[in-house]
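>
In the numbering used here, the protein residues as written are 532 to 912.
Here you go:
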């Protein structure tokens, strides 16, 4: 399968970098190559670009520049929030069933230090059930986290109930916004949360750069030590070119937000309605929830998702069975299991995720290729 024939529908794993972002990064690599911590003229030039980019990014997400900590990506941001906010005596960590692997691994590591965990109750769509949140032992909770836009299903959680309960119980709340920033509007200033994680490569920025927003007055224990960077909250020389690329990518999204959102809605609708017409027995997981237009989680009951993934790859369609960070795991998707789906449904589910760079004709072609392959499997019910 040639590169021209490839239809890339795994944009929740990573996106192609925007050419305009590459152009900015190349310019910064050439003009601001020095260490931004150096006091000479080249160092000060790099520092100026770094701080200008910080201010630009902070403005675009409704934060103060001092609240923005640069990291190497979403995984580090989540780890810094989860472990860095764990100042208190170990208690209970509250989380969503099917959080990102970085969050789940952080929780498991914290359990080794005496922490416990509990999960928010969810309905069959994967949405938190507000009326059942009171069942949790909030008096024992010391930290809460929530995956805002789910990386597998695209479900967008309503934060209001969680924010309210965390505020009432004076509980730090971390929001995993890796699939939110650069995709839906985010205003950190208006959110009643302690910290928020995101990364550039989910919105056509470079890999290797992410950020943690931390509300003014809050502190985190640094994971990395050995320098005074990021106000002593994250040691290590800042990658100025990557940061400038992140700022450019986020600005492009802001400038094109309305057009991109409408385009993504068109792609998602065409994809899902097309599959249902060709394959009436397919199921759209979380179809009844408020979802991101970037994601369609489709169940092919009776089929093995891994086998179907390989067949689609050979046919030139790149998709996934779930989070790329969980690739290789033999365990079924925790969120689909938590939603109460039958084994033949969650074992036969695939994630197709779109970006502004996908075209409508690609989506129509993808539907036809998927339908042909699925129809060739006698196990499809």
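Positions of the beta carbon are idealized from the N, C-alpha and C atoms, including for glycine.
1) By the three-class DSSP mapping on this structure, what secondary structure does residue 719 have?
2) Could you give the C-beta distance for residue 882 and residue 852, rounded to a whole number, given that I count them as a contact under 8 Å?
3) From residue 702 to residue 884, what does the alpha carbon distance come to, in whole angstroms?
4) For the stretch 659–666 and the stretch 605–620, state whether three or more C-beta atom pairs, one from each stretch, are separated by less than 8 Å.
5) Using the rule of at least 16 other Cβ atoms within 10 Å of the residue's Cβ for burial, across every protein chain shown, is residue 532 buried or exposed?
6) For residue 743 and residue 731, which I take to be in contact (beta-carbon distance under 8 Å), what is that distance rounded to the nearest angstrom?
7) Would you identify the three-state DSSP class for residue 585, choosing helix, strand or coil?
8) With DSSP collapsed to three states, give me the class of residue 856.
9) For a quick check, are the C-beta atoms of residue 536 and residue 783 less than 8 Å apart?
10) So, residue 540 versus residue 848, is the Cβ gap smaller than 8 Å?
11) So the candidates are 887, 820, 843, 895; which of them puts its Cα closest to the Cα of residue 660?
12) Beta carbon of residue 585, beta carbon of residue 573: below 8 Å?
13) Along the chain, which unbroken stretches of the alpha helix (DSSP H) at least 4 residues long are found entirely within the stretch 875–908?
14) Sorted by chain position, which residues of the same chain lie with C-beta nearer than 6 Å to residue 734's C-beta, five sequence neighbours on each side aside?
15) Which of the three DSSP states is assigned to residue 602 in this structure?
16) How would you call residue 845, buried or exposed, if buried means at least 16 neighbouring beta carbons within 10 angstroms?
17) Using the three-state DSSP reduction, which class does residue 610 fall into: helix, strand or coil?
18) Which class does residue 569 belong to by DSSP, given the choice of helix, strand or coil?
19) In chain order, which beta strand (DSSP E) runs of at least 3 residues are fully inside the stretch 726–800?
According to the structure shown:
1) helix
2) 7 Å
3) 33 Å
4) no
5) For residue 532, the predicted structure reports a pLDDT of 49, less than 50, and the residue's modelled location is therefore unreliable. The matter cannot be settled from this model.
6) With a Cβ gap of about 13 Å, residue 743 and residue 731 do not count as contacting.
7) helix
8) Any reading at residue 856 is ruled out, since the residue's pLDDT is 46, under 50, leaving its predicted position unreliable.
9) no
10) yes
11) Closest option to residue 660, Cα to Cα, is 820.
12) no
13) Those alpha helix (DSSP H) runs which fall completely within the stretch 875–908 and span 4+ residues are 891–906.
14) 713, 780, 784
15) strand
16) exposed
17) helix
18) Coil.
19) 726–730, 741–745
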